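Keeping their order, the protein sequence lines are chains V and Y.
Heads up, the first sequence is in this note's numbering, so the first residue is 8 and it goes up one at a time.
Heads up, the second sequence is in this note's numbering, so the first residue is 43 and it goes up one at a time.
By construction, the Cβ of each residue, glycine as well, lies at the ideal position given by its N, Cα and C atoms.
Note that this is a predicted model, so its numbers are computed, not measured.
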Amino acid sequence: DAGVTQSPTHLIKTRGQHVTLRCSPISGHKSVSWYQQVLGQGPQFIFQYYEKEERGRGNFPDRFSARQFPNYSSELNVNALLLGDSALYLCASSLGGGQGAYEQYFGPGTRLTVT
Amino acid sequence: AQSVTQLDSQVPVFEEAPVELRCNYSSSVSVYLFWYVQYPNQGLQLLLKYLSGSTLVKGINGFEAEFNKSQTSFHLRKPSVHISDTAEYFCAVRHNQFYFGTGTSLTVIP
């Protein structure tokens with residue numbers, strides 16, 4: 008079975024531009040979470056979606072938004088890019104979206120560089 | 043909000059030697075605890091998890107971790123490391139959402 012897939016793998020954007028990152032969860036998983044991992048740091052939680060509804064939001068500005076589609080894939084959008092948005096963006100999928108200890112399975116990430 | 047502290051940012055160790063990677067978390071409520079490994083240019087892979095029950099948890103690749111509630115710790119151990127264990131290791135706590143530590147870079151020296 009395919010794992011979590013993310014696209015693109017790398018991209019370079021200019022300050023002020025907009026970017027869309029995509030994620031496909033493991034088949035049968037209904038929850039997708041997004042994380043930002045700045046070089047040398049651990050992943051920071053951005054969003055969680057379950058059954059197409061937002062279930063959690065981390066401490067990120069409104070420039071960050073996301074959505075989940077009927078097939079459970081997800082997009083992360085970032086507007087008005089700043090240099091500080093340069094990071095590895097990780098998507099993780101899990102079976103459930105509640106408070107249970109559902110394991111999260113991570114994709115390989117999208118490396119975003121803002122110049 | 044939870045916080046996770048990984049006390050060592052870098053740990054060099056000789057091949058076949060034992061290793062311990064330390065993790066402390068801040069919580070007075072029940073949490074779920076995880077260790078993940080990240081190889082260069084890859085996502086995170088789950089090594090092991092503590093949900094409840096026995097405080098000694100065994101994971102993949104010969105790793106194990108011990109949950110200590112009184113010390114709010116969840117240290118990762120391996121009795122004999124291999125070159126292939128060289129990677130970044132992250133401790134994580136789940137309480138409403140996942141909180142990750144800043145990572146420990148394990149380098150195994152031949």
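Of all residues in the stretch 27 to 53 of chain V, only Ser40, Tyr42, Gln44, Gly47, Gln48, Gly49, Pro50, Gln51 and Phe52 come within less than 9 Å of chain Y when Cβ atoms are compared, listed by chain position.
Distance between Gln44 of chain Y and His124 of chain Y, taken at the CA atoms: about 33 Å.
The Cβ atoms of Gln44 of chain V and Leu97 of chain V lie closer than 9 Å to each other. When secondary structure is reduced to three states using DSSP, Ser38 of chain V falls in the strand class. Taking C-beta separations shorter than 6 Å and ignoring five residues to either side along the sequence, the partners of Tyr67 of chain Y in its chain run Val46, Thr114 and Val135, following chain order. With fewer than 16 other Cβ atoms from the protein chains shown falling within 10 Å of its own Cβ, His25 of chain V counts as exposed. Taking a contact to require three or more Cβ pairs closer than 8 Å, the stretch 84 to 95 of chain V and the stretch 9 to 29 of chain V qualify as touching. Close partners of Glu110 of chain V in chain Y (Cβ separation under 9 Å): Phe76, Leu88 and Lys91.
The beta carbon of Glu62 of chain Y sits closer than 8 Å to those of His117, Leu118 and Arg119, all from its chain and outside the five residues before and after it, given in chain order.
The count of Cβ pairs closer than 8 Å, one atom from the stretch 55 to 69 of chain V and one from the stretch 138 to 146 of chain Y, reaches three, so the stretches are in contact.
Within the same chain, and ignoring the five residues on either side of Phe105 of chain Y in sequence, the residues whose Cβ sits closer than 8 Å to its Cβ are Trp77, Leu89, Leu90, Leu118, Arg119 and Lys120.
Rounded to the nearest angstrom, the Cβ distance from Ala129 of chain Y to Tyr81 of chain Y is 5 Å, consistent with a contact under 8 Å.
Distance from the Cα of Arg118 of chain V is smallest, within the candidate group V:His36, V:Lys37, V:Ser38 and V:Tyr42, for V:Tyr42. In summary, the residues of the stretch 121 to 137 of chain Y whose CB is separated from some CB of chain V by less than 7 Å are Phe132 and Arg136, in the order they occur in the chain. Contacts between Thr144 of chain Y and chain V, judged by CB atoms closer than 9 Å, involve Gly47, Gln48 and Gly49 in chain order.
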